[in-house]
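Shown next, in structure tokens, is the structure this report addresses.
2 protein chains.
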Amino acid sequence: MERIEHRACFGGWQDVYRHRSAALDCNMQFAVYLPPQAASRVVPVLYWLSGLTCTEQNFITKAGAQRYAAEHGVALVVPDTSPRGDDVADVDSYDLGKGAGFYLNATQAPWSQHYRMYDYVAQELPALIEARFPVTDARAISGHSMGGHGALSVVLKNPGRYRSVSAFSPIVAPSHVPWGEKAFSAYLGDHRETWKAYDATELVKAASERLPLLIDQGEADEFLHTQLRPDLFKAAADAADYPITLRMQPGYDHSYYFVASFIGEHVAHHAKALL
Amino acid sequence: MERIEHRACFGGWQDVYRHRSAALDCNMQFAVYLPPQAASRVVPVLYWLSGLTCTEQNFITKAGAQRYAAEHGVALVVPDTSPRGDDVADVDSYDLGKGAGFYLNATQAPWSQHYRMYDYVAQELPALIEARFPVTDARAISGHSMGGHGALSVVLKNPGRYRSVSAFSPIVAPSHVPWGEKAFSAYLGDHRETWKAYDATELVKAASERLPLLIDQGEADEFLHTQLRPDLFKAAADAADYPITLRMQPGYDHSYYFVASFIGEHVAHHAKALL
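Sequence order for the protein chains is L and Y. For the first sequence, this note's numbering begins at 1366 and goes up steadily by one. For the second sequence, this note's numbering begins at 1366 and goes up steadily by one.
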């Protein structure tokens, strides 16, 4: 593991590391923000999963989350959104292949060799972080768009592993929207029953624990009615008696200006559960 | 003037406009953040001048300043860093030509046709902003690196026009550092006496007013001792009895992580003078 960026930020350190991932069988980069408190004690971790086309850079340069992480004493860990490298399968498409790993374990060729982002974000990366950084095993997770799908599905598939979850503009029902149908049919094959294992709106029906769950969704989001559909998740959660907070935010779109505007409240949401 | 971006952000609007600049004789883009207060009344303006290689995008996507502008009720206006377009002179260099206008009026061919960023940021843009947006004529100005040079020199050349000034990691003595010597010799010619008209460390010696002046400088900035030299400005200001606040910030480098970490204090510095 090699540190490739190291920058002072809000009294702590915004770092980026490169390492060899066993789950993904390729070299990966991830970002870690260590708040000032981490200089003298261990701190809990908020994981952030980014959306389509992103790397580990988007969130750390655009969201302004470090301010709030420093206020609360929470570390931020931000993985990339897919396996990377010349020998990793890809297509000329922003919503499939590199930059579009969808936080699942692919079962179909040519994707199955490297596209195991679920194992990476749910197991390998937390194990690495907890072994090598001054952090506790108290975990929370959030994300944006495809990363909101990742955060919700990882939490729902791993009872007992996280303290809280949140999402911005998440894809909540990938089996029922074009982005999800395209990715899931490529990565998981055409048998739709297998898709349910990564579909938050399916997973919430059988959830065995209740975590603090916050979703913010911009009402002016250009993808709201076609790709995101938080109403589907809300209905399923209501039916399952899983209390969630879904906030529709007038005027906001799908961009990081939206994330930046509310990330402080999300960090506070997680800090309350973590600390 | 055409609005090309319009995004909700911290209760206000982060917009980008394209217009024809008379001073620069080309099409330009600038960004405007209108805080929530601007929906019901006029607000003062903080101008931000960016550094080498930047456009109007860097500050608005990376600094997180909108949060503080919204708290205080201050608009942010962010121009590009040089004239733009296919017919604008350029060289294959990050520190001369496009992206490196140095906020001066060039006198030498081929630069003098378009490179008049001083007139643009000191006169044309404020006149446009004050005519077309819900703002007062209370102005403050800040900037980063080359833009810190811009902020300091524009203020010192225009007594009575601004209420306050600040800078992050500014080039303060362009006549005495490689970036400045390269740019000034190209834009202004080899007669160094003419350079003094844009050199903050020269200008402060004859300053006729005293504004609240704050400079933050990272001690781990890779350009501190070669290109920035805030000590030269501090010595000149002290000799001229111009009180300035120069803060050396341990650990911080030249990046927007540094700007983001302290922009809240800069916005507060300006809000105190503006409101």
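Glycine is no exception: its CB is placed at the ideal position from the N, C-alpha and C atoms. Bear in mind that the values here come from a model prediction, so they are computed numbers and not experimental data.
Using the three-state DSSP reduction, which class does residue i fall into: helix, strand or coil?
i	result
Y1485/Y	helix
H1384/L	strand
H1479/Y	coil
D1603/Y	helix
G1629/L	helix
R1594/L	coil
A1430/L	helix
A1369/L	It should be pointed out that residue 1369/L corresponds to Ile in this sequence rather than to Ala. Three-state result, I1369/L: strand.
L1417/L	coil
L1639/Y	helix
So, for residue i: in the same chain, excluding its five sequence neighbours on each side, which residues have a beta-carbon less than 7 Å away from its beta-carbon?
i	result
G1515/L	L1414, Y1468, V1486 and G1508
T1566/L	V1537, A1538, L1597, F1598 and A1601
A1551/L	L1461, Q1473 and W1476
T1559/L	L1553
N1470/L	R1481, Y1483 and D1484
A1435/Y	F1375, G1376, G1377, P1400 and P1401
S1386/Y	M1393, Y1485 and E1489
With a 10 Å radius around its C-beta and 16 neighbouring C-beta atoms as the bar for buried, classify residue i as buried or exposed.
i	result
T1446/Y	buried
T1420/Y	buried
D1581/Y	buried
V1569/Y	buried
P1444/L	buried
S1405/Y	exposed
N1392/L	exposed
P1524/Y	exposed
V1456/L	exposed
R1594/Y	buried
H1635/L	buried
S1573/Y	exposed
H1371/Y	exposed
A1625/L	buried
L1511/Y	With the sequence shown as reference, residue 1511/Y is identified as Met, and Leu is not the correct amino acid for it. With 16 or more Cβ atoms within 10 Å of its Cβ, M1511/Y is classed as buried.
P1615/Y	exposed
L1640/L	exposed
P1535/L	buried
A1496/L	exposed
A1604/L	exposed
A1571/L	exposed
Which whole-angstrom value is the C-beta distance of residue i and residue j, which I expect to be below 8 Å?
i	j	result
A1642/Y	P1409/Y	Because residue 1642/Y is not part of the residues shown, which for chain Y are 1366 to 1640, the question remains open.
L1633/L	P1577/L	The residue asked about is misnamed: residue 1633/L is Ala in this sequence, not Leu. With 8 Å as the limit, A1633/L and P1577/L do not qualify as a contact, their Cβ atoms being about 11 Å apart.
S1531/L	H1631/L	5 Å
F1375/Y	R1432/Y	5 Å
A1585/L	A1373/Y	7 Å
S1518/L	Y1563/L	5 Å
P1608/Y	R1557/Y	With a Cβ gap of about 29 Å, P1608/Y and R1557/Y do not count as contacting.
H1479/Y	V1520/Y	Rounded, the Cβ-Cβ distance is 24 Å, inconsistent with contact.
I1425/L	Y1398/L	7 Å
A1548/L	Y1527/L	So it is not a contact: roughly 23 Å between Cβ atoms.
A1430/L	F1498/L	At roughly 17 Å, the Cβ-Cβ gap does not stay under 8 Å, so A1430/L and F1498/L are not in contact.
R1427/L	K1427/Y	Checking the displayed sequence, the identity of residue 1427/L turns out to be Lys instead of Arg. Going by Cβ atoms, the distance from K1427/L to K1427/Y rounds to 6 Å, so yes, they are a contact pair.
Note down, in chain order, each residue of its chain lying with its Cβ closer than 6 Å to the Cβ of residue i, except the 5 sequence neighbours on either side.
i	result
G1438/L	P1400, Q1402 and V1408
A1388/Y	R1481, D1484, Y1485 and E1489
T1418/Y	Y1459 and G1464
S1529/L	A1505, L1576, P1577, H1635 and A1638
T1610/L	L1579
F1627/L	D1581
V1416/Y	First, the amino acid is wrong: residue 1416/Y is Gly here, not Val. So the qualifying residues of the chain are H1509, S1510, M1511 and G1512.
T1501/Y	V1407 and P1409
R1612/L	D1581
Ignore the nearest five residues each way along the sequence and tell me which others in residue i's own chain have a CB closer than 8 Å to its CB.
i	result
F1395/L	V1381, Y1382, H1384, E1421, V1442, V1443, P1444, D1445 and L1490
Is there at least one non-hydrogen atom of the ligand FAD closer than 6 Å to the beta-carbon of residue i?
i	result
G1554/Y	As presented, the structure is devoid of all ligands, the ligand FAD included, so that no description of it is given.
Subject >> alpha helix (DSSP H) runs wholly inside the stretch 1526-1591 of chain L, at least 4 long, in chain order >> reply: Taking only runs of at least 4 residues, the alpha helix (DSSP H) segments lying wholly in the stretch 1526-1591 of chain L are 1543-1553 and 1565-1568.
Original post:
Considering only residues of the stretch 1386-1413 of chain Y, which uninterrupted beta strand (DSSP E) runs meet the minimum length of 3 residues and lie entirely inside it, listed in chain order?
Top reply: 1391-1399
Subject >> Uninterrupted beta strand (DSSP E) stretches inside the stretch 1436-1520 of chain Y (no shorter than 3 residues) >> reply: 1440-1444 and 1500-1508
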